[in-house]
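> Residue numbers (the working numbering): 163 to 338.
Sharing a structure below in structure tokens format, with a few things to ask.
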Amino acid sequence: MIYLHIFWAFLISNLLGYGGGPATIPLYQNEVVNHYHWMSASEFGNILAIANALPGPIATKIGGFIGYQVGGPIGAIVGLAATILPSAIAVIILFKFVNLFKDNARVKLMTKSVQPIIAILLGVMAYQFFLTAFEKSGVFHLVLLAVVSYFALIKIKLHPSLLILGALIYGGVFLS
């Protein structure tokens with residue numbers, strides 16, 4: 163039954179997550195943390211940080227890892243399949259209609275109207291991660307990491323994956 167739950171959680175998230183990986187992340191979090199209780203919000207945040215640091219599409223990395231964590235190797239395959247399946251089916255079915263509707267004003271308006279919703283979902287998720295980080299690590303570590311991250315990204319132009327790796331090491335050493 164666990165494989166059906168894994169499949170359903172990632173299939174629904176990917177069906178509703180219009181806009182790719184970033185749009186599906188809050189939906190993944192809702193399914194994994196709130197609905198099935200497979201992990202806590204901070205554990206999901208750690209997985210998200212690691213998935214961001216690795217190359218490739220974030221949705222497949224999260225689906226495969228959580229599937230593996232919950233259901234072993236078969237769970238990883240099920241999670242990956244559920245992540246990829248909606249897009250693959252949509253591409254196969256809709257490819258024939260792309261040229262017919264690509265310049266349609268209603269389609270363009272629909273695409274533009276989804277963007278603020280995705281931004282709000284990502285903002286809510288970031289706020290939840292902030293609260294979790296504040297509760298778990300305290301003000302000092304949170305402010306220190308935020309200030310160092312700002313200067314590393316904006317002033318020094320450090321690559322985000324290196325910053326994430328550094329934050330993971332810092333957390334492993336000082337917050338374990």
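Even glycine gets a Cβ: it sits at the ideal position worked out from N, Cα and C.
These figures come from a predicted structure and were not determined experimentally.
Please determine if the stretch 292–310 and the stretch 224–243 are in contact, where contact requires at least 3 C-beta pairs separated by less than 8 Å.
No, the stretch 292–310 is not in contact with the stretch 224–243.
> So which of S338, L315, L325 and L173 has the shortest CA-CA distance to P248?
It is L173 whose Cα lies nearest to the Cα of P248.
> Output the distance between the C-alpha atoms of L324 and I168, rounded to the nearest integer angstrom.
About 31 Å.
> Kindly give me the distance between the Cβ atoms of I224 and A238, rounded to whole angstroms, as I take these residues to be in contact under 8 Å.
11 Å between Cβ atoms; not a contact.
> In its own chain, which residues sit with a C-beta less than 8 Å from the C-beta of L315, not counting the 5 before and 5 after it?
Same-chain partners within the cutoff: P322 and L325.
> How far does the alpha helix (DSSP H) with L320 in it extend, from its first residue to its last?
Here L320 belongs to no alpha helix (DSSP H), and DSSP marks it neither H nor E.
> Measuring CB to CB, does L327 end up less than 9 Å from A215?
Their beta carbons are under 9 Å apart, which means L327 touches A215 by this criterion.
> According to the neighbour-count rule (16 or more other Cβ atoms, all chains shown, within 10 Å of its Cβ), is Q277 buried or exposed?
When all chains shown are included, Q277 counts as exposed.
> Note the first and the last residue of the continuous alpha helix (DSSP H) segment covering N208.
Start and end: A203 to A215.
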